[in-house]
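Peer 1: Submitted below is the structure of interest, expressed as structure tokens.
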Amino acid sequence: MIAKQLIEPKSIVVVGGSDDVHKPGGAVLRNLQDGNFKGSLYVVNPKMDEVQGIKACRDVKDLPEVDCAILAIAAKFCPSTVEVLAKQKNTKAFIILSAGFHEENEEGAKLERQIVETVNSVGGSLIGPNCIGVLTNHYSGVFTSPIPELNPQGVDLISGSGATALFIMDSGMQKGIKFNSMYSVGNSAQLGVEEILEYMDESFDPKTSSRVKLLYVESIEKPEKLLKHASSLIRKGCRIAAVKSGGSAAGSRAASSHTGALASSDVAVEALFRKAGIVRCNGRDELMTVAGIFMHPEMKGRNMAVVTHAGGPAVMLTDALSNGGMDVPHIEGEKAQELLAKLFAGSSVGNPIDFLATGTAEQLGYILDACDRDFDNIDGMAVIFGSPGLFPVFDVYNVLDEKMKTSKKPIFPIFPSSKIVKDEIAEFVSKGRVYFPDEVLFGNALCKIYKTPAPQPEHFEMPDMDVKKIREVVDNAQNGYLSPDEIHALLDAAGVARAKEGVSDNEEEIVKMAKEIGFPLVMKVVGPIHKSDVGGVVLNVKDEETVRREFKRMMQIKDTYAIMLAQQLDGTQVFIGAKRDDKFGHMVLCGLGGIFIEVLKDVKAGLAPMSKEEAHGMIKELKSYKIIQGVRGQEPVNEDKFAEAVMRISALVKVAPEIFEMDLNPLLGNKDNVVAVDARIRIEK
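In the UniProt record's numbering, the protein residues as written are 1 to 685.
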């Protein structure tokens with residue numbers, strides 16, 4: 001719970017405030033005063049009677065009651081200071097700038113736990129420790145500078161790193177992005193990114209709240225909370241982008257199954273963001289480029305007009321857009337010829353629309369009007385305008401500003417010459433405009449936004465399953481890998497189609513099963529983990545003689561204790577897997593199956609449970625999707641059946657959370673059905 005005193009304090013004390021503005025205590029006090037904090041401002045300094053023109057107290061015990069305390073003192077003094085403020089001065093909000101807590105050693109962690117316990121005991125809120133502070137429209141409680149221009153229509157930034165928050169704000173300010181608030185949560189001892197987002201969701205006002213949220217996250221401790229409130233905010237009309245650092249493959253554990261090796265924690269983050277509708281960014285520049293796009297009207301389609309007076313940047317932007325799944329459609333016809341007649345000879349309107357280095361502001365106006373009114377196959381305009389610095393270009397930027405006010409379609413200004421025409425750009429930004437310095441960064445960011453799906457429904461209909469049978473199998477199972485019979489029972493109860501099969505360690509029983517299932521057959525060893533590697537898979541078994549011969553051979557393979565028979569089916573090999581993560585719950589993965597999963601590693605993941613629509617979205621995002629659709633005469637995979645199987649596995653692991661890992665690899669898909677022909681399921685209770 002976030003106390004009102006943290007958001008809108010009527011009084012603030014800086015404990016450790018000083019005249020030295022090069023230290024956190026002095027800098028935050030200066031920022032509070034320069035930010036015109038309207039409430040009462042106090043300072044505690046044991047050696048001074050006045051600090052920066054404010055009467056100072058020598059001890060926190062000498063203070064009156066105060067809403068919010070900002071601490072810039074040594075870590076060892078913080079617990080006792082918080083104790084006095086919380087218990088004697090009715091302080092409910094604490095921002096601890098100081099370092100030296102759990103990020104350093106166990107002694108620091110003890111101090112941190114003591115502070116949290118005290119703050120919790122009075123129903124208070126704690127930001128930090130080890131942070132740069134809080135910035136809102138009510139007060140500038142940070143020790144960094146410069147302070148960005150605050151505006152209710154600006155972005156809300158929540159960061160797990162103080163330095164990164166500063167760098168993000170600096171990058172945004174250069175592009176004209178304004179901020180509404182900034183929360184640097186530091187060690188997140190009590191309040192982390194998730195809790196701040198929760199507050200923004202629960203206090204959201206469609207008339208006054210910012211519609212853009214930016215997150216920098218180093219660890220996600222409460223994924224369900226993040227998913228719930230990010231999804232809720234986006235459904236309310238907000239747009240959210242985030243950087244999650246620490247996602248390298250080095251963090252993946254070695255695992256015995258395909259799913260375990262592929263389902264790293266970063267895959268879970270990707271799945272969470274996708275499910276929530278969060279645009280995932282790879283760094284500060286991309287985050288602020290996405291934020292800049294968010295500050296413009298939303299583009300309703302994927303067709304972009306590239307307007308330029310320089311050929312090279314237009315080609316690079318066109319490549320970025322086309323490679324990212326957006327279109328730069330050809331413009332032609334009578335209206336195109338009318339536009340061309342208004343431009344200098346040598347200009348082109350085919351798209352990109354090149355009005356040459358000699359083009360005028362008036363001609364740019366003609367182009368933007370035509371794209372807005374005359375060309376139905378255009379959804380937005382990217383205007384690349386630089387300058388060699390030979391003459392002022394204020395008139396061009398004025399035209400852009402005016403057209404952006406009236407155009408029904410969004411106009412995105414890209415200014416590569418940010419140094420040469422800095423005065424013109426500064427004037428453009430002073431009118432409340434946001435621009436983009438790099439065309440490729442812009443193109444890639446726009447494509448990323450376009451490909452990020454809307455949040456998945458909070459509630460959707462789950463498939464019918466035999467829950468009683470599923471629980472019976474799991475409750476009676478031991479930890480470890482399930483037997484084939486147990487796997488068959490689970491898949492049948494979940495409604496997942498599987499091949500006819502049987503298992504035995506007796507030759508005569510195997511022969512009898514073979515006749516019942518029917519030829520051709522597949523024979524597989526039961527026991528070894530990677531069957532193909534040990535010669536434990538035989539395909540296209542067509543007669544009893546081969547069954548007997550291969551049974552005898554395969555039973556000699558190390559670790560083999562039985563042989564499985566299955567009907568041999570035709571189709572494209574696909575894969576579905578699931579893995580339980582301690583924080584994120586179950587991830588469900590899908591992709592091409594068989595050996596391709598190891599070679600291509602082309603999988604998509606979602607968090608259980610999933611709707612059928614979400615499963616369809618995962619399948620369509622696969623790089624190998626064209627193979628599933630059927631290419632060059634190859635029979636397609638029944639995509640609806642594939643999606644249904646993914647959805648059913650996601651429902652199964654919710655009913656049976658004891659499933660730690662499972663592989664359905666492969667399933668064989670054709671135009672009629674998708675059928676599991678091999679499966680491994682591991683239980684950990």
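Yeah, the Cβ is synthetic: ideal placement off N, Cα and C, and Gly gets one too.
On a predicted model such as this, the values are computed, not experimentally measured, just so you know.
(1) Taking the continuous beta strand (DSSP E) assigned at Y435, which residues delimit it?
(2) Whose C-alpha, out of P416, L197, S265, R498, is nearest the C-alpha of V155?
(3) In the DSSP assignment, what are the bridge partners of G380?
(4) Quick one: complete alpha helix (DSSP H) runs, 4+ long, within the stretch 303 to 361?
(5) At a Cβ threshold of 8 Å, is N398 touching chain D?
(6) With distances taken from CA atoms, which of Y481, A426, A230 is nearest M173?
(7) Give every residue of the same chain whose Cβ lies closer than 6 Å to the Cβ of K342, excluding the five residues on either side of it in the sequence, and list them in chain order.
(8) Could you have a look at M662 and say whether DSSP puts it in helix, strand or coil?
(9) Can you tell me where the beta strand (DSSP E) holding K524 begins and where it ends?
(10) Classify E117: buried if its beta carbon has 16 or more other beta carbons within 10 angstroms, exposed otherwise.
(11) Would you mind reading off the limits of the alpha helix (DSSP H) that contains K228?
(12) Going by CA-CA distance only, name the one from H488, F642, K623, K552 that's closest to V574.
(13) To which residues does DSSP link H459 through a beta bridge?
(14) Quick one: residues in its chain with C-beta nearer than 6 Å to the C-beta of S256, no 5 flanking neighbours on either side, listed in chain order?
(15) How about the stretch 198 to 213 and the stretch 553 to 573: do they share at least three Cβ pairs that are nearer than 8 Å?
(16) Between the stretch 576 to 585 and the stretch 212 to 231, do at least 3 Cβ pairs fall closer than 8 Å?
(17) Between P361 and V328, which are expected to be in contact by the criterion C-beta below 8 Å, what is the C-beta distance as a whole number of angstroms?
(18) Output the boundary residues of the alpha helix (DSSP H) element that contains I487.
(19) Using a Cβ-Cβ cut-off of 7 Å (strictly less than) and excluding sequence neighbours within five positions of K531, which residues of its own chain qualify?
(20) Assess contact between the stretch 478 to 488 and the stretch 644 to 657, defined as three or more Cβ pairs (one per stretch) separated by less than 8 Å. Is contact present?
(21) Work out the CA separation of P297 and M1 for me, nearest whole Å.
(22) Any contact between the stretch 107 to 114 and the stretch 138 to 152? By contact I mean 3 or more CB pairs, one from each, below 8 Å.
(23) Within the same chain, show all residues whose beta-carbon is closer than 7 Å to that of S232, passing over the 5 residues directly before and after it, in chain order.
(24) For I576, report the span of its beta strand (DSSP E) as first-last.
(25) Report back the beta-carbon spacing between L71 and K89 to the nearest angstrom; my notes put them in contact at under 8 Å.
(26) Does DSSP classify H616 as helix, strand or coil?
(27) Residues in the same chain with beta-carbon distance under 8 Å from P46, minus the five sequence neighbours each way, listed in chain order, please.
(28) Applying the 10 Å Cβ sphere with the 16-neighbour rule, what's the burial state of V675?
(29) Could you tell me which of F77, S18, I73, C78 sits nearest to A56, measuring between CA atoms?
(30) Evaluate R549 with the Cβ neighbour count: other Cβ atoms within 10 Å of its Cβ, from every protein chain shown; 16 or more gives buried, anything less gives exposed.
(31) Could you give the first and the last residue of the continuous alpha helix (DSSP H) run that contains V44?
(32) Smallest Cα separation from L151: which of S181, N130, L126, G160?
(33) Can the beta-carbon of G577 be found less than 8 Å from the beta-carbon of P453?
(34) Among residues of its own chain, excluding the 5 on either side of Q456, which ones have a beta-carbon nearer than 7 Å to its beta-carbon?
(35) Among residues of its own chain, excluding the 5 on either side of F428, which ones have a beta-carbon nearer than 6 Å to its beta-carbon?
(36) Determine the extent of the alpha helix (DSSP H) in which R553 is found, giving its start and end residues.
Peer 2: Reading off the structure:
(1) That residue, Y435, is in no beta strand (DSSP E); it is neither H nor E in DSSP.
(2) L197
(3) M304
(4) 311 to 323, 334 to 341
(5) Reference to chain D is not applicable here, since this structure consists of a single protein chain.
(6) A426
(7) Y366
(8) strand
(9) 521 to 526
(10) exposed
(11) 223 to 235
(12) F642
(13) Paired residues: none, contrary to the question.
(14) Confidence at S256 is low in this model, with a pLDDT of 40, below 50, so its placement is unreliable and the value that follows should be read with caution. Excluding residues within five positions, the ones whose Cβ falls inside 6 Å are I529.
(15) no
(16) yes
(17) First, the residue type needs correcting, since residue 361 is Ala and not Pro in the sequence shown. Not quite, the Cβ-Cβ distance comes to about 24 Å (not below 8 Å), so this is no contact.
(18) 484 to 494
(19) K524, V525, V537
(20) no
(21) 33 Å
(22) no
(23) D201
(24) 572 to 581
(25) The Cβ separation is near 13 Å, so there is no contact.
(26) helix
(27) R58, D59
(28) buried
(29) S18
(30) exposed
(31) Here V44 belongs to no alpha helix (DSSP H); instead the beta strand (DSSP E) covers 40 to 44.
(32) Before going further, note that residue 151 is Asn rather than Leu in the sequence given. Per the Cα distances, S181.
(33) no
(34) K275, S611, E614
(35) Y397
(36) 544 to 554
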